[in-house]
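K.L.:
This is the structure I want to talk about, given as structure tokens.
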Amino acid sequence: MQKIVGGVVLALVLSWVAAAPAASVTQTPLQQGPHDRAPRGAGKPPARPAAPSAATRQAGVSEPVRASTDLLLSDAAGAQLGTQAEPHLAADPADPSHLVAGWQENRYSTGGARAVTYGVSTDGGRTWTDGLLPSSTAPSGGPWQRATDPWVEFGPEKRVYFASLLYNASNPDNAMCVSVSTDGGVTWGSPEKVFRSTNGDFNDKEALAVDTFPSSKHYGNVYLAWDINKAGGQPFSAQHAVIARSTDGGQTYKAPVVLRTKGNNVGLLPRVGPDGTVYMVWAGNKKYGLGPEGFYFSKSTNGGRKWSKPRQIVNLDMAAVPGLRTGEFVPSFAVDRASGALYVAWQDGRWTGTAQATLIVSLDGGATWSEPMRVSDGPGDAAAFTVSVAANARGDVGVSYYSLRNDPDRDWLADVYMQVSRDGGLTFEPAQRITPSSFDVRFTARAGNAYFPGDYTGLVGTSTGFHLLWVGVGPRPGTEVTAQPDVFSAPATE
Ligand SMILES: [Ca+2]
Ligand SMILES: [Ca+2]
Ligand SMILES: [Ca+2]
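The sequence shown lines up with residues 93 to 586 when you count with the numbering used here.
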């Protein structure tokens, strides 16, 4: 049931680019299923489950803080008012209480958002300030119609990089862009166009990494990776994996290096190891048009100029979640800054037929990988989805995910959970519930026919613990809109 075959997988792949300006892009519905039925109590919030029992929450878990403030509540451009989606999070390696976030603001159901927003906290996530990323889309004084795929990372000395996909819905113009802040995320420059396409190619799903290791020969290098959906097919003909680098703090970027042209390639995620090696993990397959078969791996030991031949490191038993668009074919990838251990986590259907958080580990720079292990410890029929992994300064490994385990029907009531390993991913402590009460995912934004918290969430390691950033639905006292998605933040420590 959960295993998706053939054409539906293709539709899911294309759903990432369904809002591409190419007129020939067809919005193919996701699986028909329970999401088509009317929400319970349509038009008003569904009945919420009883308040969580204290027993389900553990010491050391703080009350979540709302990080987003609905910057575009009077927006009249047809986007979904008050919706935030797809949050990402970075912590300054030199001061992990300094957090910078990015998310989508007012999501369009047809793809992308009205704007992307940055959030800054200098007190470990207790308080946040948010603002529209300047000069990007119209609401922030920029030329673009839509923004999406926010990705933030710290560089050295309070530099922060915010990557986004900026594009137009009315013409084929789209670009991979990176904005730079030199004051820790308080103010931002205009987005630098790393790579732009106007010929029908569609650039998508970027992620960024920065070398923040002073002893590395490539200290300060910025690496931006993404896929290019090539024009000329039905609607595309290929999906190339590429990586561009900047050696001048994001002022200019070299022409991208092509990692792989064969098959599909999506979800590219670069990470830098303590010796300056750049590692890349992404989802791919052998033949373009088929669904993702596994995760691919490549690395560069000379600052991103040359890359090892991509190879598959693990197979993927893709597990979608009915009615939701989740991170079902997006790997999360973390490097331990001290040991250099590599961690890749995702949702996989191999354990129970339903998505479960899954991890593989490499202790030798990606030469060999552990067998997959199941991390999520909820009931086998409750999906654990949109998984994130991070390592902290103590060498602990954290894995976070949304879970439907508190919904007796296993369909709409979600919580965020966190699991920690103290032994490098060999064993995990029982899941900690991060959300104090379940939220109904049907109040998140719509992407096509699916509810959409985002293709990923935020998770970072701090000095002794972790910090999470996710999209949930919380109480909104004093506003007319009582149920809508917001970005929430919480620490999880020992
Ligand atoms: Ca909101
Ligand atoms: Ca996305
Ligand atoms: Ca995208």
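Glycine residues also receive a C-beta, built at the ideal position from the N, C-alpha and C atoms.
From a predicted model like this one, the values you see are computed outputs, not experimental measurements.
(1) Under 8 angstroms, with one C-beta from each stretch per pair, do the segment 273 to 280 and the segment 289 to 303 reach the 3-pair mark?
(2) Can you tell which of D503, S160 and S454 has its C-alpha closest to the C-alpha of E463?
(3) Any heavy atom of ligand 1 within a distance shorter than 7 angstroms of the CB on T344?
(4) In chain order, what are the residue ranges of uninterrupted alpha helix (DSSP H) at least 4 long that sit wholly in the segment 356 to 409?
(5) Using the three-state DSSP reduction, which class does A261 fall into: helix, strand or coil?
(6) Taking 7 angstroms as the limit, name every residue whose beta carbon sits nearer than that to some heavy atom of ligand 1, in sequence order.
(7) Report the rounded CA-to-CA distance for T202 versus Q196, giving the unit in angstroms.
(8) Given a threshold of 16 other Cβ atoms within 10 Å of its Cβ, counted over all protein chains shown, does V350 qualify as buried or as exposed?
(9) Measuring from the CB of E178, is there a heavy atom of ligand 2 at a distance below 7 angstroms?
(10) Less than 8 angstroms separating the beta-carbons of G395 and A485?
(11) In its own chain, which residues sit with a C-beta less than 6 angstroms from the C-beta of F246, not counting the 5 before and 5 after it?
(12) Taking a cut-off of 5 angstroms, which residues have a beta-carbon closer than that to any heavy atom of ligand 2, in chain order?
(13) Should K322 be listed as close to ligand 3, given that the test is whether its C-beta is under 7 angstroms from any heavy atom?
(14) If you count every other CB in all the chains shown that lies within 10 Å of the CB of A186, and 16 or more means buried, which is it?
(15) Quick one: does the C-beta of D296 sit closer than 7 angstroms to a heavy atom of ligand 3?
(16) Assign S232 to one of three DSSP states: helix, strand, or coil.
(17) Which residues share a DSSP beta bridge with L505?
(18) Express the C-alpha separation of P528 and Q343 in angstroms, rounding to a whole number.
(19) Enumerate in chain order the residues of its own chain whose CB-to-CB distance from V157 is below 8 angstroms, with the five nearest sequence positions on each side excluded.
(20) Work out the CA separation of V334 and R352 for me, nearest whole Å.
(21) With a threshold of 8 angstroms on Cβ separation, who are the neighbours of P577 within its own chain once the five nearest residues in sequence on each side are excluded?
(22) To which residues of the same chain is R417 closer than 6 angstroms at the C-beta, ignoring the five residues directly before and after it?
(23) Check for me: the beta strand (DSSP E) holding S282 runs from which residue to which?
(24) May I ask you to check if the CB of L257 is nearer than 7 angstroms to at least one heavy atom of ligand 3?
(25) Where in the segment 264 to 332 do unbroken runs of the beta strand (DSSP E), each at least 3 residues long, occur, reported from the N-terminal end onward?
(26) Alpha carbon to alpha carbon, what distance is there between L551 and S154?
(27) How many whole angstroms separate the CB atoms of G557 and A584, which I take to be in contact at a CB cut-off of 8 angstroms?
(28) Leaving out the 5 sequence neighbours to the left and right, which residues in its chain are closer than 6 angstroms to Y200 when beta-carbon positions are compared?
(29) From the DSSP output, read off the bridge partner residues of V209.
(30) What residues are listed by DSSP as bridge partners for I335?
(31) Please report the straight-line C-alpha distance between F328 and N295, rounded to a whole angstrom.
(32) Determine the direct distance from the alpha carbon of G292 to that of G324, and round the result to whole angstroms.
P.N.:
This is what the structure holds:
(1) Taking 8 angstroms as the limit for Cβ pairs, the verdict is that the segment 289 to 303 does not touch the segment 273 to 280.
(2) Translated into the one-based positions of the sequence shown, residue 463 becomes position 371. E463 has its Cα closest to that of S454, out of D503, S160 and S454.
(3) Here residue 344 is taken as the residue at index 252 of the sequence shown, counted from 1. It does not: the Cβ of T344 is nowhere closer than 7 angstroms to a heavy atom of ligand 1.
(4) Fully enclosed alpha helix (DSSP H) runs of 4 or longer: not present.
(5) Residue 261 sits at position 169 when you count from the first residue of the sequence shown. Looking at A261 - three-state DSSP - the assignment turns out to be coil, as it is neither helix nor strand.
(6) In chain order, the qualifying residues are S160, D162, G174, T175, Q176, Q576, P577 and D578.
(7) As a working note, residue 202 is residue 110 in the sequence shown. As a working note, residue 196 is residue 104 in the sequence shown. About 14 angstroms.
(8) Within the sequence shown, residue 350 is the residue found at index 258, counting from 1. By the beta-carbon neighbour count (other beta carbons within 10 angstroms, threshold 16), V350 is exposed.
(9) Residue 178 sits at position 86 when you count from the first residue of the sequence shown. For E178, the Cβ falls inside the 7 angstroms cut-off from some heavy atom of ligand 2.
(10) Here residue 395 refers to the residue found at position 303 of the sequence shown. Here residue 485 refers to the residue found at position 393 of the sequence shown. Their beta carbons are not under 8 angstroms apart, which means G395 does not touch A485 by this criterion.
(11) Position 154 of the sequence shown, counting from 1, holds the residue named residue 246. Once the five neighbours on either side are set aside, the close Cβ partners of F246 are A182, D184 and V252.
(12) With the cut-off at 5 angstroms, the residues found are D241 and D547.
(13) In the sequence shown, counting from the first residue as 1, residue 322 sits at position 230. Relative to ligand 3, K322 has its C-beta separated by 7 angstroms or more from all heavy atoms.
(14) By 1-based counting over the sequence shown, the position of residue 186 is 94. Classification of A186: exposed, given that the 10 Å Cβ count is below 16.
(15) Numbered from its first residue, the sequence shown carries residue 296 at position 204. Flag set: Cβ of D296 near ligand 3.
(16) As a first step, residue 232 must be located in the sequence shown, where it is residue number 140. If DSSP states are grouped into helix, strand and coil, S232 belongs with the helices.
(17) Here residue 505 refers to the residue found at position 413 when the sequence shown is read from its first residue. In DSSP, L505 forms a bridge with D532.
(18) Position 251 of the sequence shown, counted from the first residue, corresponds to residue 343. Position 436 of the sequence shown, counted from the first residue, corresponds to residue 528. Taking the Cα positions, Q343 is about 43 angstroms away from P528.
(19) Translated into positions along the sequence shown, residue 157 becomes position 65. Shown here for V157: same chain residues with a beta carbon closer than 8 angstroms to its own, the five before and five after excluded, namely G217, R218, T219, W220, F580, S581 and A582 in chain order.
(20) The count along the sequence shown starts at 1 and reaches residue 352 at position 260. The count along the sequence shown starts at 1 and reaches residue 334 at position 242. Looking at the two C-alpha atoms, the distance is approximately 7 angstroms.
(21) Your numbering for residue 577 matches position 485 in the sequence shown. Cβ neighbours of P577 beyond the five flanking positions: G174, T175, Q176, A177, F535, T536, A537, P545, V563, G564 and V565.
(22) Indexing the sequence shown from 1 puts residue 417 at position 325. Scanning its chain for C-beta atoms nearer than 6 angstroms, with the 5 sequence neighbours on each side dropped, one finds around R417 the residues A539, A542 and F544, in chain order.
(23) Taking the first residue of the sequence shown as 1, we reach residue 282 at position 190. Premise fails: S282 is in no beta strand (DSSP E) and is neither H nor E.
(24) Along the sequence shown, one-based indexing puts residue 257 at 165. Result yes, Cβ under 7 angstroms from ligand 3.
(25) Runs found: 266 to 273, 284 to 289, 294 to 302 and 314 to 323.
(26) The residue labelled residue 154 in the question sits at position 62 within the sequence shown. The residue labelled residue 551 in the question sits at position 459 within the sequence shown. The straight-line gap from Cα to Cα measures roughly 15 angstroms.
(27) Within the sequence shown, residue 557 is the residue found at index 465, counting from 1. Within the sequence shown, residue 584 is the residue found at index 492, counting from 1. About 6 angstroms separates the CB atoms of G557 and A584; that is less than 8 angstroms, so the two are in contact.
(28) Numbered from 1 along the sequence shown, position 108 holds the residue referred to as residue 200. Correct list, in chain order: A171.
(29) Along the sequence shown, one-based indexing puts residue 209 at 117. Before going further, note that residue 209 is Thr rather than Val in the sequence given. DSSP, once it has assigned bridges, lists W195 and L224 as partnering T209.
(30) Taking the sequence shown and counting its residues from 1, one reaches residue 335 at position 243. According to DSSP, which records beta bridges pairwise, I335 is partnered with A317 and V349.
(31) Walking along the sequence shown from the start, residue 328 turns up at place 236. Walking along the sequence shown from the start, residue 295 turns up at place 203. Cα to Cα, F328 sits roughly 12 angstroms from N295.
(32) As a working note, residue 324 is residue 232 in the sequence shown. As a working note, residue 292 is residue 200 in the sequence shown. Approximately 8 angstroms, taken between the alpha carbons.
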